[in-house]
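First the structure, in the form of structure tokens, and then the observations on it.
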Amino acid sequence: MCGIVRRIGLTGKLIGHEGWVVNTIEFGDRLVSGPDDRRVMATKALVLSYDSGHAENISQARIIPFTDDRTIVTSGGDGQVRLDNGNVQTIELGTHNGRLHKLAVEPGSPHIFYSCGEDGFVQHVSSISIRNIISLTFV
């Protein structure tokens with residue numbers, strides 16, 4: 063096992079999140095990352111960096127399927143779920159009371175998300191009807 067580790071080396075370095083902890087990465091045609099500096103980076107040949115709209119660090123970033131990697135949903139320490147619909151202007155889809163830790167996109171759907179946070183709720187969020195948020199409590 064040690065022999066394999068010795069052969070691994072750095073082949074490239076992405077510049078952009080200097081001095082910040084990167085909390086999440088998502089792979090698609092682009093590499094999407096979200097750190098404590100609250101800026102989302104979407105990297106292909108050209109690095110795209112924009113303000114996420116979060117008031118605290120980004121905990122999760124997900125590329126939405128069937129959108130040509132143009133739509134990204136993020137969650138953060140501020141309890142918000144935010145959507146960037148491809149024009150780097152984000153909108154708030156949902157809010158938790160407290161930090162938000164996990165975010166999932168429903169398989170096969172570019173419009174349905176699930177989020178869970180320290181408030182003990184799992185939220186089912188639809189980007190089609192932003193007001194249609196269902197909170198589920200698990201005991």
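Just so you know, we're using the numbering used here here: the sequence shown kicks off at 63 and counts up by one.
Glycine included, C-beta positions come from ideal geometry on N, C-alpha and C.
Collapsing the DSSP output to three states places Gln142 in a strand.
Collapsing the DSSP output to three states places Pro127 in coil. Around the Cβ of Gln185, a 10 Å sphere holds 16 or more other Cβ atoms; the residue is buried. With respect to the 8 angstroms criterion, Gly139 and Glu154 are not classified as neighbours on the basis of their beta carbons. Selection Leu76, Arg132 and Phe183 evaluated against Thr157 yields Phe183 as nearest (Cα-Cα). Judged by DSSP in its simplified three-state form, Ala117 adopts coil rather than helix or strand.
One thing to note: Ile120 has its Cβ within 8 angstroms of the Cβ of Thr136.
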